[in-house]
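Novice: FYI, in the numbering used here the residues of the sequence shown are 294 to 663. We put the CB at the ideal spot given by N, CA and C, even for glycine. Mind having a look at this structure? Questions to follow.
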Amino acid sequence: MRGPSLMQVAIAAVVAGGLALALHRPEPVAQTVAPSARAPVETPASASASVPVPMAPAAAPAAALPATAEAWTVPDPDALPDDIYGRTVRRGRDLIARTSSLIGPDATDPAMRFAGNGLDCQSCHLRAGTQQFGLPLAGIWGVFPQYIGRENEVRTLEERVNGCMERSMNGRPLLVEGPEMKAILTYIRHVSAPERVGRSLHGRGSPPLPLLTRAADPVRGRQVFAETCAACHGAGGEGQRLDAAEAGEVGRRYRFPPLWGPDSYNDGAGMARTITAARFVHANMPLGTTFEAPAIAVEDAFDVTAFVNSQPRPHKAGLEADYPDRSKKPVDAGYPPFIGPFTPEQHRYGPWAPIQDWLRANSEASRTTN
Ligand code: HEC
Ligand code: HEC
Numbered sequence: 294m295r296g297p298s299l300m301q302v303a304i305a306a307v308v309a310g311g312l313a314l315a316l317h318r319p320e321p322v323a324q325t326v327a328p329s330a331r332a333p334v335e336t337p338a339s340a341s342a343s344v345p346v347p348m349a350p351a352a353a354p355a356a357a358l359p360a361t362a363e364a365w366t367v368p369d370p371d372a373l374p375d376d377i378y379g380r381t382v383r384r385g386r387d388l389i390a391r392t393s394s395l396i397g398p399d400a401t402d403p404a405m406r407f408a409g410n411g412l413d414c415q416s417c418h419l420r421a422g423t424q425q426f427g428l429p430l431a432g433i434w435g436v437f438p439q440y441i442g443r444e445n446e447v448r449t450l451e452e453r454v455n456g457c458m459e460r461s462m463n464g465r466p467l468l469v470e471g472p473e474m475k476a477i478l479t480y481i482r483h484v485s486a487p488e489r490v491g492r493s494l495h496g497r498g499s500p501p502l503p504l505l506t507r508a509a510d511p512v513r514g515r516q517v518f519a520e521t522c523a524a525c526h527g528a529g530g531e532g533q534r535l536d537a538a539e540a541g542e543v544g545r546r547y548r549f550p551p552l553w554g555p556d557s558y559n560d561g562a563g564m565a566r567t568i569t570a571a572r573f574v575h576a577n578m579p580l581g582t583t584f585e586a587p588a589i590a591v592e593d594a595f596d597v598t599a600f601v602n603s604q605p606r607p608h609k610a611g612l613e614a615d616y617p618d619r620s621k622k623p624v625d626a627g628y629p630p631f632i633g634p635f636t637p638e639q640h641r642y643g644p645w646a647p648i649q650d651w652l653r654a655n656s657e658a659s660r661t662t663n
């Protein structure tokens, strides 16, 4: 049931021209995605139409969404005039969508190589950060500065961007005063309207998932990966690299990004945590899936993520200094020091409920401020 039919649909859609064609289009918001078996996806035409762009699929108009849901509208940078503000917003979008060629390993000027792997911000912040529950950047302007447990301090949006630069992008921080950071911030500010200060749009991050009562199983996950992910991300998780001509044209290194290996996110990234990654995968993968119509079962999402994150990837030095207040360390953080009397495996794969229970009972004792 899983597997063949889903993959046939995904591959057929990709072959039918969706992604390959879209790679030749510079505007990331208009990128075509492969529809999954059940999830209707916007066409590029509707995605690049007028302002603001309605991001809810036609099948589920805002009025039909649950009472808590809010309309998801994202202003279109292409509708801005060709002035300094408009150009800065579009530059920010390009930096999100074509990170590897503009500020990554393929930048022509070596001094501009800030990102250290073959990913683009858009590899995870889908559709240049405009997709609801696809780790959107739209809507987050008004919620920073914000407390971040990893550093146990209030962090600015610039610092949060640089957190992904050093971990998800396995690179070095952008200059906070530099034109690249300004462009990224201007883009986030633009696509965030109409946010409310102190509150993000409904659709931030990725939707919560019920945790499994058993440990996630990387052996079973390998099977899910082979059936459901390998066609795009490669049998060895290495992704599908574009040839030099194509890469030059679209400004990206990969048609399908690597999930592990030297060109992927490092072990300190949010995506290296099983719960964080399973939520993203369940709501968004195979590409074209939306949170309203997930394509894989919850346990498949946990198992495949456990498998993906058991594979080798770059190591970030100094991770033991993360979460100086240990009681704030996420239960699925896979690196020491670990909270509570649990094995590293239980942190990586679960079951996490016993760790959560322990934390609730011992939050005072586990609080440290070194
Ligand atoms: C490998 C996947 C990945 C890549 C690539 C990536 N990020 Fe992230 N990013 C994440 C995840 C996962 C989170 C949420 C982490 C969490 O749960 O705390 C996040 C969070 C963020 C946030 C905070 C969002 C919020 O809702 O609070 C910002 C801003 C951000 N990333 C910017 C960037 C930028 C800019 C780039 C490129 C330079 C980038 N990211 C590349 C995975 C990624
Ligand atoms: C139809 C092709 C396709 C399939 C099948 C697919 N993905 Fe993806 N995936 C993509 C693309 C393309 C991106 C990057 C999105 C972009 O750049 O716009 C991506 C991004 C990702 C990312 C974040 C970026 C990175 O490299 O880490 C993860 C994690 C991921 N996919 C996991 C999975 C898993 C797990 C499966 C199987 C359940 C899967 N994907 C199935 C196409 C696919």
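Measure from the alpha carbon of Arg386 to the alpha carbon of each residue in Pro398, Arg482, Ile441, Asp560, then state which is nearest.
Specialist: Looking at the Cα atoms, Arg482 is the closest of the given residues.
Novice: Could you check what DSSP says for Ile589 in three-state terms: helix, strand or coil?
Specialist: Three-state result, Ile589: coil.
Novice: Less than 8 Å between C-beta atoms, sequence neighbours within five positions excluded: which residues of the same chain meet that for Gly627?
Specialist: If we look at Gly627 and ignore the five residues flanking it on each side, its Cβ neighbours are Asp560, Ala565, Arg566, Thr567, Asn602, Pro637, His640, Arg641.
Novice: Would you check whether ligand 2 has a heavy atom nearer than 8 Å to the C-beta of Asp568?
Specialist: Residue 568 is actually Ile in this sequence, not Asp. Incorrect: Ile568 has no Cβ contact closer than 8 Å to ligand 2.
Novice: What does the alpha-carbon distance come out to for the pair Ser659 and Ile632?
Specialist: One C-alpha to the other measures close to 7 Å.
Novice: Closer than 8 Å: is that where the CB of Ser416 sits relative to any heavy atom of ligand 2?
Specialist: It does: the Cβ of Ser416 is within 8 Å (strictly closer) of some heavy atom of ligand 2.
Novice: Secondary structure at Gln533, three-state DSSP: helix, strand or coil?
Specialist: Correct three-state label for Gln533: strand.
Novice: Quick check on this structure: which residue in Lys475, Ala594, Pro623 has the alpha carbon closest to the alpha carbon of Arg383?
Specialist: Out of Lys475, Ala594, Pro623, Lys475 has the C-alpha closest to the C-alpha of Arg383.
Novice: Compute every distance between the C-beta of Ala580 and the non-hydrogen atoms of ligand 1, then say whether any falls below 8 Å.
Specialist: Here residue 580 is Leu; the residue named in the question, Ala, does not match the sequence. No, the beta carbon of Leu580 sits no closer than 8 Å to any heavy atom of ligand 1.
Novice: Between Arg443 and Pro374, what straight-line distance do the alpha-carbon atoms span, to the nearest angstrom?
Specialist: Going from the Cα of Arg443 to the Cα of Pro374 covers about 39 Å.
Novice: How is Thr569 classed by DSSP in three states: helix, strand or coil?
Specialist: Here Thr569 sits in helix by DSSP.
Novice: Out of curiosity, what's the CA-to-CA distance linking Gln424 and Ala364?
Specialist: Taking the straight line joining both Cα atoms gives about 13 Å.
Novice: Under 9 Å, Cβ to Cβ, is there at least one residue of chain C near Ala576?
Specialist: Absent from the structure is chain C; it holds one protein chain and no more.
Novice: Using a Cβ-Cβ cut-off of 8 Å (strictly less than) and excluding sequence neighbours within five positions of Ser343, which residues of its own chain qualify?
Specialist: In this prediction, Ser343 scores a pLDDT of 29, lower than 50, which makes its location untrustworthy; the coordinate-derived value is nonetheless stated afterwards. So the list reads Asp369, Ala372, once near-sequence residues are dropped.
Novice: Distance check for Asp376 and Phe600, CA to CA, integer angstroms please.
Specialist: Rounded to the nearest angstrom, the two C-alpha atoms are 47 Å apart.
Novice: Return yes when at least one heavy atom of ligand 1 lies under 8 Å from the C-beta of Gln439, else no.
Specialist: Under cutoff, so the answer is yes.
Novice: Should Arg497 be counted as a contact of ligand 1 given a C-beta to heavy atom distance under 8 Å?
Specialist: Yes - ligand 1 has a heavy atom lying nearer than 8 Å to the Cβ of Arg497.
Novice: My assumption, with CB atoms under 8 Å, is that Tyr558 sits in contact with Arg606. Please give the rounded CB distance.
Specialist: So it is a contact: roughly 7 Å between Cβ atoms.
Novice: Can you name the residues that DSSP bridges to Arg448?
Specialist: In DSSP, Arg448 forms a bridge with Gln439.
Novice: Give the DSSP-derived three-state secondary structure of Thr401 in the structure shown.
Specialist: Thr401: coil per DSSP, three-state reduction.
Novice: Given 8 Å as the limit, tell me if Ile433 has its C-beta closer than that to any heavy atom belonging to ligand 1.
Specialist: Yes; taking the cut-off as 8 Å, the Cβ of Ile433 has a heavy atom of ligand 1 nearer than that.
Novice: Is any heavy atom in ligand 2 found nearer than 8 Å to the beta carbon of Val591?
Specialist: Not so, every heavy atom of ligand 2 lies at least 8 Å from the Cβ.
Novice: Quick one: any contact between the region 580 to 587 and the region 446 to 461, if contact means 3 or more CB pairs under 8 Å?
Specialist: In short, these stretches do not touch, since the Cβ pair count stays below three.
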